[in-house]
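J.: This is the structure I want to talk about, given as structure tokens.
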Amino acid sequence: MENSNLKKPNVIVVKKPKSGRKSKIISWLRNKFFISTWICNYNTNFAISDLIAGITLGLTIIPESIACALLAGLPSHYGLYSAFIGPLIYLIFGTVEKVLIGPTSLVALVTVQFTIGKPMEFAFVLTLLAGFVELFMGIFQLGFVFDFISMPVIKAFTSATAILVVESQIKVILGIKYLVPGFVNSLQKLFLNLDQARVGDAVMGVCSIIFLICLKYMVYIPFDKSTKRGRVIDGVLKYISLARNALIVFITATIAVIWTARSETGQVPFRLTENVVAGLPQFSFPHFYIEHNNSTYNFVQICSELGVGIFVVPLVSILTNISIAKALTPKGLVNASQELMTLGLCNIIGSGVKSMPTCGAFSRAAISTASGLKTSVAGLHSSILVILALSLLTPYFHYIPESCLAAILMCAIVTLIDFKLPIQLWRDSKRDLFTWISCFAVCVFFGVEVGLFFGIAITAAHLLFLWARPEITVRLEEMDGLQFIKVFPNNGLYFPGVDYLRERTLKACIEADFQVPVVIDCRKITGLDFSAAQETLREFLTQEGLRNGIISLKDHVRASIDLGYKVDLV
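Our numbering numbers the first residue of the sequence shown as -5 and each following residue consecutively.
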């Protein structure tokens, strides 16, 4: 009989608050407008750190942008147009504070592959279309696609592109003028025109490289940092090192101004940058109807001329941005879809101010970290500095030597050349080494766009090979005096690998004259599609005169087999 005197335990029921439509919208907006997640915690210390970092980044991105524009075959002021709009957009939507959107030598080199010999308006249309591709991939959360591009492919592509950039700037260092597509053709043209090298440009370029290298490594000068004086010196050296690009531009431009003033002819022995148009551009999206040299191009013709560049340029931009973001975030956790959408918006809106395709840069990310950047507000200060430069300093940009800008590009991009990886791959994985070498060679000799797709094809082929040739261990074992053939698949089994599994098992059965039962050990099988289940069971578990069984089968795989073919499972 139930005891009525027993007290019921006090149970506290916590009801989960209903998530209304309004709260979902607010949550969605907070996730998309990422600035709302941290701006309320912004304080004075952050503001001071961001101001210092923003000025440092601004002094870095101004000369880099001019150099990247020249590399992309555009007038120098278009590089500055590309440098101020991206950080403003990224401030609102970006998720990684140390990423500064702007022109990069990597993307500039890829861009010029598809716009060389064409009206410069093609570059702005390419920026817009690349932005739409990036935005589309972000909206439909296609960031996972880049997980299928292996690290050897990415490293090979980056190293090859860096070498191509360095090679393209050697002629500028030497003061030689020519425009030839292709690494081999360009190198051949360089040797044929060595007699046209200008001593003034060569001296200016080499001295600029030496200056930049010395300033980069001056922070490693050993001295006592335990004293106040030592800490002050350390801080001064650090910021001098970070501002080395701006310093070399200021020094060489000053030399050019003084030389011009004292020269009777007003000429200098080295090439100077073309005149930079003052002021900000008028906002208007690129036209899809371009007239140039008595030729007209409609939208279809423009897309046809740009070809695969519409996809290669955003692919390179995304790979660069995601790689930087993963390197700078804790445990490499990145909201890839949000980053894709943000990068797309930067390029779409940037095309309205005549921007070339943009993304983050490893060199700027390193400077962000070293200069103590706290939030993306530093990008706002950087943009303001670029806008001030466009408004006030454009008359003086003409005095920047081209060889100095080439030196800046070379010193920035050379750090991306990674020759330690092939040595490591030689020890660890010959297959990945082959992937690296082949992708690197194709990028250098046949073009970066061909090399990138070649690398992706190799990665895809490797994945297909793993599905078609899964790792399977087949051996004869004995337990309690009973011999049996143990088949041990080491990973998931899918239909391309069914024939291989059957061949390996039948070969073992033939060697045992079909006198030994077969046991399939499924402890490591985590996936089994319907076709594989059906074919596997049909071929192995129903063979006449052959005892067989399955052990260590996971529940979700068991369900797949039950659907595929009715058998007894052990």
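Heads up, the beta-carbon is just placed ideally off N, CA and C, and yes, glycines get one too.
1) Would DSSP call T571 helix, strand or coil?
2) For Q135, which of helix, strand or coil comes out of DSSP?
3) Over the uninterrupted alpha helix (DSSP H) stretch that includes Y72, give me the two end residues.
4) Using a 10 Å radius around the Cβ and a threshold of 16 neighbouring Cβ atoms, would you call P81 buried or exposed?
5) DSSP three-state label for R618, please.
6) On the criterion of 16 or more Cβ atoms from any shown chain inside 10 Å, does L94 qualify as buried, or is it exposed?
7) For the alpha helix (DSSP H) that K424 lies in, which residues bound it at each end?
8) Are the CB atoms of V243 and I394 nearer to each other than 7 Å?
9) Roughly how many angstroms lie between the CA atoms of R469 and I479, to the nearest whole one?
10) Looking at the strands, I want to know which residues DSSP matches up with C353.
11) Taking S59 as the reference, which of I46, V101, L23 and M131 has the closest Cα?
12) With H, G and I counted as helix, E and B as strand and the rest as coil, what does DSSP make of T254?
13) What's the C-alpha gap between E299 and V444?
14) By how many angstroms is the C-alpha of R498 removed from the C-alpha of S162?
15) Rounded to a whole number of angstroms, what is the C-alpha to C-alpha distance between T259 and N239?
16) For the 8 Å Cβ check, are there 3 or more pairs between the region 317 to 331 and the region 280 to 293?
17) In or out: T38 buried (at least 16 other Cβ within 10 Å) or exposed?
18) Return helix, strand or coil for K480, following the three-state DSSP convention.
19) To which residues of the same chain is S99 closer than 7 Å at the C-beta, ignoring the five residues directly before and after it?
20) Taking the alpha carbon of I296 as the point to measure from, which residue in L120, Y36, N485 and I514 has its own alpha carbon closest?
21) Anyone know if the C-beta pair for T409 and C353 falls short of 7 Å?
22) For F293, which of M473, D507, F116 and Q107 has the nearest alpha-carbon?
23) Indicate the three-state DSSP secondary structure (helix, strand or coil) for V308 in the structure shown.
24) Between the Cα of L386 and those of I312, Q261 and V270, spot the shortest distance and give me the residue it belongs to.
25) Measuring straight from C-alpha to C-alpha, what distance separates C398 and N485?
26) So, helix, strand or coil for E268, using DSSP?
27) Between the C-alpha atoms of I514 and R425, what's the straight-line distance to the nearest angstrom?
28) Take every Cβ of the region 124 to 135, pair it with every Cβ of the region 327 to 345, and state whether three or more of those distances are shorter than 8 Å.
29) Determine the direct distance from the alpha carbon of S377 to that of W32, and round the result to whole angstroms.
30) How about the region 75 to 91 and the region 338 to 347: do they share at least three Cβ pairs that are nearer than 8 Å?
31) In or out: I110 buried (at least 16 other Cβ within 10 Å) or exposed?
32) Quick one: give me the first and last residue of the beta strand (DSSP E) that S289 is part of.
33) Whole angstroms are fine: how far does the CA of G169 sit from the CA of A191?
34) Decide if the region 170 to 187 is in contact with the region 272 to 285; the criterion is three or more beta carbon pairs, one per stretch, under 8 Å apart.
T.: Concretely, from the data shown:
1) The displayed coordinates of the chain run from -5 to 564. Any statement about residue 571 would go beyond what the structure contains.
2) Numbered from 1 along the sequence shown, position 141 holds the residue referred to as residue 135. In this structure, Q135 counts as coil in the three-state DSSP scheme.
3) By 1-based counting over the sequence shown, the position of residue 72 is 78. Residues S70 to F87.
4) On the sequence shown, residue 81 is found 87 positions in, with the first residue counted as 1. Buried.
5) Any question about residue 618 goes unanswered here, given that the chain covers just -5 to 564.
6) For this step, residue 94 is matched to residue 100 along the sequence shown. Counting Cβ neighbours within 10 Å, L94 comes out buried, since at least 16 surround it.
7) The residue given as residue 424 occupies position 430 in the sequence shown. K424 -> alpha helix (DSSP H) spans K424 to F440.
8) Your numbering for residue 243 matches position 249 in the sequence shown. Your numbering for residue 394 matches position 400 in the sequence shown. Going by C-beta atoms, V243 is nearer than 7 Å to I394.
9) The sequence position of residue 469 within the sequence shown is 475, counting from 1. The sequence position of residue 479 within the sequence shown is 485, counting from 1. For R469 and I479, the distance between alpha carbons rounds to 6 Å.
10) One-based indexing of the sequence shown puts residue 353 at position 359. Beta-bridge pairing links C353 to G96.
11) Indexing the sequence shown from 1 puts residue 59 at position 65. Of the listed residues, the one whose Cα sits closest to S59 is V101.
12) Taking the first residue of the sequence shown as 1, we reach residue 254 at position 260. For T254, the secondary structure class from DSSP, reduced to helix, strand or coil, is helix.
13) Taking the first residue of the sequence shown as 1, we reach residue 299 at position 305. Taking the first residue of the sequence shown as 1, we reach residue 444 at position 450. Each residue's alpha carbon lies about 16 Å from the other.
14) Within the sequence shown, residue 162 is the residue found at index 168, counting from 1. Within the sequence shown, residue 498 is the residue found at index 504, counting from 1. Cα to Cα, S162 sits roughly 53 Å from R498.
15) Taking the first residue of the sequence shown as position 1, residue 259 is located at position 265. Taking the first residue of the sequence shown as position 1, residue 239 is located at position 245. Roughly 29 Å separates the two Cα atoms.
16) no
17) As a first step, residue 38 is located in the sequence shown; it is residue number 44 there, counting from the start. Result: exposed.
18) On the sequence shown, position 486 is the one that residue 480 refers to. In the structure shown, K480 sits in a strand (DSSP, three-state: E or B).
19) In the sequence shown, the residue the question calls residue 99 occupies position 105. Excluding positions up to five away in sequence, the list reads C62, L65, V159, L403, A406 and I407.
20) Here residue 296 is taken as the residue at index 302 of the sequence shown, counted from 1. Of the listed residues, the one whose Cα sits closest to I296 is L120.
21) If you number the sequence shown from 1, residue 409 lands on position 415. If you number the sequence shown from 1, residue 353 lands on position 359. Result no, Cβ atoms of T409 and C353 do not sit closer than 7 Å.
22) Mapped onto the sequence shown, residue 293 falls at position 299. Nearest of M473, D507, F116 and Q107 to F293, Cα basis: F116.
23) Taking the first residue of the sequence shown as 1, we reach residue 308 at position 314. Reading off the sequence, residue 308 comes out as Pro, not Val. P308 falls in the helix class under three-state DSSP.
24) Taking the first residue of the sequence shown as 1, we reach residue 386 at position 392. Considering only alpha carbons, the answer is V270.
25) Locating residue 398 in the sequence shown gives position 404, where the first residue counts as 1. Locating residue 485 in the sequence shown gives position 491, where the first residue counts as 1. One C-alpha to the other measures close to 55 Å.
26) As a position in the sequence shown, residue 268 is number 274, starting the count at 1. Note: E268 maps to coil in three-state DSSP.
27) The sequence position of residue 514 within the sequence shown is 520, counting from 1. The sequence position of residue 425 within the sequence shown is 431, counting from 1. Approximately 29 Å, taken between the alpha carbons.
28) Enough Cβ pairs lie closer than 8 Å, so yes.
29) In the sequence shown, the residue the question calls residue 32 occupies position 38. In the sequence shown, the residue the question calls residue 377 occupies position 383. Spanning the two alpha carbons is a distance of roughly 20 Å.
30) yes
31) Position 116 of the sequence shown, counted from the first residue, corresponds to residue 110. By the Cβ neighbour-count rule, I110 is exposed, with fewer than 16 other Cβ atoms within 10 Å of its own.
32) What you label residue 289 is simply residue 295 of the sequence shown in a count that begins at 1. Unbroken beta strand (DSSP E) run through S289: S289 to Y291.
33) Here residue 191 is taken as the residue at index 197 of the sequence shown, counted from 1. Here residue 169 is taken as the residue at index 175 of the sequence shown, counted from 1. Using only the alpha carbons, I get a separation of about 6 Å.
34) no
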